[in-house]
Every structure is written in C-alpha cells, then in structure tokens.
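Residue numbers (the working numbering): 1254 to 1701.
All C-beta atoms, glycine included, are put in the ideal place defined by N, C-alpha and C.
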Amino acid sequence: MLIVPSNRGIFKMWFPFMMTEKEKKHQAFCKQQFPPLFESWVKSFSDFGFNGSPAAPDQVNCEVLMPTHVPSAERLIAIGDLHGDFRKAFRAFKLSGLIDDHGRWCGGSSVCVQVGDILDRGDQEIQIFYFLERLQREAEQAGGKLYVLNGNHETMNVASNHRYASPGAAQELKQWQQWQALGVQLRNRYGGREENGVADRSAPSPAAPATPSSTAGNTAGSLFSSTTHFERTAAMQPGAYLTRRFMACHPTVLQVGSSLFVHGGVLPAHVEYGLERINRETQSWMLRGSAMKSPSFLRGSTAIVWARDFSAEEESHCDCIKLKQVLESIPGAKRMVVGHTIQAKGVNTACDGKVVRVDVGLSRGCGDGEPQVLEILGDGGMRRLRERGPSEVLNQPSVSGGSSKEAAALGGRGLSGSLGGDQTVWTSSWEALRGRLNQFLGGPSQAA
C-alpha cells in the first residue's frame, strides 16, 4: 500500500513533473540563484560585524595584474608607511583632502599612492586594510584612484616573518577570525555554494581563536607564542584569504606619470630584471605560492622593498648617481617616491629633487610622527602638506637646460620652474607661485 505524505510540497518534490511552472521557478531559484545571494549576504554580515563597513565586491579579481605604469594626474598624493595605526592613517588621508570627517572619499579625481607597510608595529592592521579597500572603490566611483603598494612588512608576513607584529594585532586577528568563522558556519549550514563539487574556499576555514600572546604588554617586536605565530602564518601565508584579498592585488612598484613609486628603492638590477615582471611574480607568489620563501628580489638589503640607497637623511649618503641612472633607464621617469626609512625632518627631497622620501614615522608604534603627505600638482610641482603648519613647496628637479642660478631666481627659494607637462617656467614672484598652486589645489576640491 502506497502511503501518500500529507505534505503536498514533499510529494511534489518526489514527483517534479506534477509541479506548476511557478513552483518549478521557485525550485530553480533555491538551487541556482539563492546560494550565491546568501553567500554574498554572509560575507557582508561577517565584514560588517568586524569592521562596521560594507563588504568588498563578491569578486575581487586579483588574477588581473595591477598596472606598472598609469597616466599622470592633475593632483597626486603620496602617503607614507602606516604600520597598523588607524587613527594616524585617517588623519593623513584627511590632511590630504581625500576624505571627509566620516572617512568617505571626497577627493574627486585625485590620485593617491600609499607606499606600503600597513602591517606590523601597530594594532589595527586589518582595520586599515578594510578602510583602504573601501576608499579604493569610492575613489574609482568618483573618477579618482587609490593605489596601495606592498612594502617589506607585507612580504615579510606573507613569508611567515612576524617578529614586528604587536600583541594588539594578534587580538585583532583573533576577532577577525571569529567573525569569518561564524560566516563559514552560516554558509555551511544554510546553503553554502559549491562549484564542481568543491566547497567555496574564498573565506577562511573556521579556526580556534588565537591564544593571546604571553608577551602581552611588551613592545612590538616581542616574540609571539607558538600558537599566535601559527594563527598569523595561517592567515597570511601565500594563498591565504587575507593575503589574496588585501595584498596580492597591490603592486610592488608603480609609475604614475613621471613619478616612480616604490617602498624601498628601484635599483639598476631591478630595472634590468623588469618592473612588470617583479609585479607579476610577486602577485603570483602571494596568490598561490607553494613556498613561504619569497622571490629573491624581495629579500635582502638590495631588495626592491628593502633598499635604502636613496633614503639616507644626510643627502651626502644618498647614491644620486645611481638614482640618476635608474630614472634615465625608465621612460618618462623624473623622480622616485619612497617610504621605508623614517625621515625625522618630515617629507623631503634629495638629489636635486629626484627622490622624495615620505616615511615620517607616522605610527605610534614607530615614531608617532606628525602627519605629513606629499602633493604633486600637474605632474611637476611638489609641496609638503603638514597637519601642524602651512604647506611648503619642495625642491624641484632643475629645468632641462637651465642653470641653478635660474632655478634660484624663481621666488628666491631654489625652486625650479617646471609645473606640468609643458615645462612652463613660472614667474619669480612668490605670491604668484602660491596663487598658482592654490588654483591647482582648488580644482579637485570643487569637483569633489
């Protein structure tokens, strides 16, 4: 005797041919469309729970290589090392005129390059990653752009070198893991998506919360407990979720117009090896590297993220001849902008303006310096923006064919006369120079 279930819906599930067209559409939705929608909601839930901000796009396509060269910008901002200090990072972006009081992009078509070293020495590393990721989306929607480079502390952590991580960062990672693990549990229980029979791996697997380090209260740089070290390695090793989402999409070297941005320094060997190749191989290692050991151009004192050849505060110790050789070997490059080495005197230039050093020791974990940023107008004129004082025009490379006396005559301050691609020489009047700079600065502000 056939027992017919009292639940008509269950009976129809056994005999799909008895379903109406509407019921078939509902079933197709539940099987095909609902899982990815639910997964997207879970990601938003996990990210919002941790950071209080919207989630990233469902598909952060890091398989597409970030460009090594992009066109010049009317207004270009460079921000130095952040090292896990969210409040100081926020102040630096606010000083730049790129965000409003609520942390939303208001820079219009401005372009910004942050030169790396988000990780280590501070306690809000992941929070900064989320902040920058959101600003990248908002900038692009407004016609601007935010680029974030990988520094030596990013490559160190991917390579499982965590000696500069702070106890507070371990606690932040623990909280992030708990929210992500909750998301994974929701996905697995209520409709996780599978592709080709393989469960989605875009989020980290549930993990036991990291045990707080026994060195809590010590300075950054103290050795973590083995458990904490393991948790950080699992979260940031090649192919891990944090690495794929927040670091693999970032270039190691980037040329914007005539400005070459890099964390440490580009040396002749790097140019010979190929800057695009360096970006490509760094990205490949972070996405799917089978070994912790990073590529050779990321290791050692001559590595592109470690070099200090152009960063010595005493200009006499900078290798200006090598710098000139590098810039002349890269089409269109006129200056290099670097971080990595703290500049006690703030953002400054060396080698006749051919290198700008923007690491001001901003983070409370390594100097607690005054927020300062570099502004480049029209791909030429440079000035230092300061939180505690007026902006200052920086030394410019000498005008081609002009003498140092001619440069000194421009405002009586040793300025060159180049602002913009046409190499137009400005008037010697200091007030006229200030007025012209304000005009350049005012444009993006009105657009925002």
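Pull up the distance between the alpha-carbon of residue i and that of residue j, whole angstroms please.
{"i": "asparagine 1403", "j": "threonine 1505", "result": "5 Å"}
{"i": "leucine 1734", "j": "lysine 1587", "result": "An answer regarding residue 1734 cannot be provided, because it is not within the stretch 1254 to 1701 covered by the chain."}
{"i": "phenylalanine 1499", "j": "glutamate 1274", "result": "44 Å"}
{"i": "valine 1323", "j": "histidine 1516", "result": "17 Å"}
{"i": "arginine 1641", "j": "tyrosine 1383", "result": "28 Å"}
{"i": "phenylalanine 1339", "j": "aspartate 1373", "result": "12 Å"}
{"i": "isoleucine 1574", "j": "glycine 1606", "result": "13 Å"}
{"i": "valine 1558", "j": "asparagine 1405", "result": "5 Å"}
{"i": "arginine 1533", "j": "threonine 1481", "result": "31 Å"}
{"i": "tryptophan 1538", "j": "histidine 1279", "result": "43 Å"}
{"i": "alanine 1326", "j": "glutamine 1428", "result": "39 Å"}
{"i": "lysine 1598", "j": "alanine 1395", "result": "34 Å"}
{"i": "phenylalanine 1346", "j": "threonine 1321", "result": "23 Å"}
{"i": "arginine 1357", "j": "valine 1366", "result": "17 Å"}
{"i": "leucine 1507", "j": "tyrosine 1417", "result": "26 Å"}
{"i": "leucine 1576", "j": "glutamine 1286", "result": "55 Å"}
{"i": "arginine 1387", "j": "phenylalanine 1301", "result": "12 Å"}
{"i": "leucine 1630", "j": "proline 1288", "result": "48 Å"}
{"i": "leucine 1385", "j": "glutamate 1568", "result": "33 Å"}
{"i": "serine 1479", "j": "arginine 1485", "result": "10 Å"}
{"i": "glycine 1360", "j": "serine 1549", "result": "37 Å"}
{"i": "leucine 1351", "j": "phenylalanine 1343", "result": "10 Å"}
{"i": "glycine 1633", "j": "threonine 1535", "result": "30 Å"}
{"i": "glycine 1654", "j": "glutamate 1407", "result": "Note that glycine 1654 has pLDDT 38, beneath the 50 cutoff, so the model's placement of it is unreliable and no number is given."}
{"i": "methionine 1635", "j": "valine 1646", "result": "6 Å"}
{"i": "serine 1413", "j": "threonine 1555", "result": "20 Å"}
{"i": "alanine 1487", "j": "asparagine 1441", "result": "21 Å"}
{"i": "serine 1306", "j": "valine 1401", "result": "19 Å"}
What residues in its chain sit with their C-beta under 6 Å from that of residue i, if we drop five residues either side in the sequence?
{"i": "glutamine 1389", "result": "Leu1399"}
{"i": "arginine 1541", "result": "Gly1492"}
{"i": "leucine 1439", "result": "Val1295"}
{"i": "cysteine 1502", "result": "Cys1315"}
{"i": "glycine 1518", "result": "Ala1560, Asp1562, Phe1563, Val1591"}
{"i": "glycine 1585", "result": "Ser1511"}
{"i": "methionine 1589", "result": "Leu1513, Val1608"}
{"i": "threonine 1617", "result": "Position check: residue 1617 holds arginine in this sequence, whereas threonine was assumed. Once the five neighbours on either side are set aside, the close Cβ partners of arginine 1617 are Asp1338."}
{"i": "leucine 1528", "result": "Thr1321, Val1506"}
{"i": "glutamate 1391", "result": "Trp1358"}
So, helix, strand or coil for residue i, using DSSP?
{"i": "methionine 1545", "result": "coil"}
{"i": "arginine 1416", "result": "coil"}
{"i": "methionine 1500", "result": "coil"}
{"i": "glycine 1492", "result": "coil"}
{"i": "valine 1509", "result": "strand"}
{"i": "leucine 1638", "result": "strand"}
{"i": "threonine 1273", "result": "coil"}
{"i": "valine 1626", "result": "strand"}
{"i": "histidine 1322", "result": "strand"}
{"i": "valine 1295", "result": "helix"}
{"i": "glutamate 1645", "result": "strand"}
{"i": "alanine 1317", "result": "The question names alanine, yet the displayed sequence has valine at residue 1317. The answer is coil: DSSP assigns valine 1317 none of H, G, I, E or B."}
{"i": "valine 1515", "result": "strand"}
Looking at residue i and the ligand NAP, is the gap between the Cβ and the nearest heavy atom below 7 Å?
{"i": "leucine 1439", "result": "Ligands in the displayed structure: none, and consequently the ligand NAP is not present."}
Given that a residue counts as buried once 16 or more other Cβ atoms are within 10 Å of its Cβ, and exposed if not, what is residue i?
{"i": "valine 1317", "result": "exposed"}
{"i": "glycine 1553", "result": "exposed"}
{"i": "lysine 1341", "result": "buried"}
{"i": "methionine 1409", "result": "buried"}
{"i": "arginine 1530", "result": "exposed"}
{"i": "alanine 1461", "result": "In this predicted model, alanine 1461 has a pLDDT of only 39, less than 50, meaning its place in the structure is not dependable; the value taken from the coordinates is given anyway. So alanine 1461 ends up on the exposed side."}
{"i": "histidine 1523", "result": "buried"}
{"i": "aspartate 1376", "result": "buried"}
{"i": "alanine 1544", "result": "exposed"}
{"i": "glutamate 1378", "result": "buried"}
{"i": "asparagine 1601", "result": "buried"}
{"i": "serine 1582", "result": "exposed"}
{"i": "histidine 1336", "result": "buried"}
Spatial neighbours of residue i within its chain, please: C-beta separation below 8 Å, excluding the five flanking residues on both sides.
{"i": "glycine 1620", "result": "Ile1595, Val1613, Gly1614"}
{"i": "glutamine 1578", "result": "Pro1521"}
{"i": "glutamine 1380", "result": "Asn1304, Phe1339, Glu1425"}
{"i": "serine 1362", "result": "Ala1326, Glu1327, Arg1328, Ala1395, Gly1396, Gly1397, Pro1697, Ala1700"}
{"i": "cysteine 1604", "result": "Phe1563, Glu1568, Cys1571, Cys1573, Leu1576, Lys1577"}
{"i": "asparagine 1471", "result": "Caution is warranted here: a pLDDT of 40 is assigned to asparagine 1471, below 50, making its placement in the model unreliable, and the coordinate value is therefore given only provisionally. If we look at asparagine 1471 and ignore the five residues flanking it on each side, its Cβ neighbours are Pro1420."}
{"i": "leucine 1580", "result": "Leu1513, Ala1586, Lys1587, Arg1588, Met1589, Lys1607"}
If you drop the 5 nearest sequence neighbours on each side, which residues of the same chain put their C-beta closer than 7 Å to that of residue i?
{"i": "leucine 1638", "result": "Leu1348, Ser1349, Gln1625, Val1626, Glu1628, Ser1644"}
{"i": "glycine 1592", "result": "Gly1333, Asp1334, Val1368, Gly1369, Asp1370, Gly1404, His1516, Val1611, Asp1612"}
{"i": "leucine 1435", "result": "Ser1299"}
{"i": "methionine 1489", "result": "Asn1410, Val1411, Leu1495, Thr1496"}
{"i": "valine 1509", "result": "Val1323, Ser1325, Ala1326, Leu1329, Val1364, Val1366"}
{"i": "tryptophan 1432", "result": "Ser1299, Gly1302, Phe1303"}
Exercise. In chain order, which alpha helix (DSSP H) runs of at least 4 residues are fully inside the stretch 1582-1624?
Worked result: Listed in chain order, the alpha helix (DSSP H) runs fully inside the stretch 1582-1624 amount to none, counting runs of at least 4 residues.
Problem set entry | Runs of beta strand (DSSP E) wholly within the stretch 1327-1399 (minimum 3 residues, chain order) | DSSP runs (the beta strand (DSSP E)) wholly in the stretch 1327-1399: 1328-1332, 1364-1367.
For this session: Scan the stretch 1526-1581 and note each continuous alpha helix (DSSP H) run of 4 residues or more that stays entirely inside, going in chain order.
Result: For secondary structure counted as the alpha helix (DSSP H) over 4 or more consecutive residues, the stretch 1526-1581 holds these complete runs in sequence order: 1528-1541.
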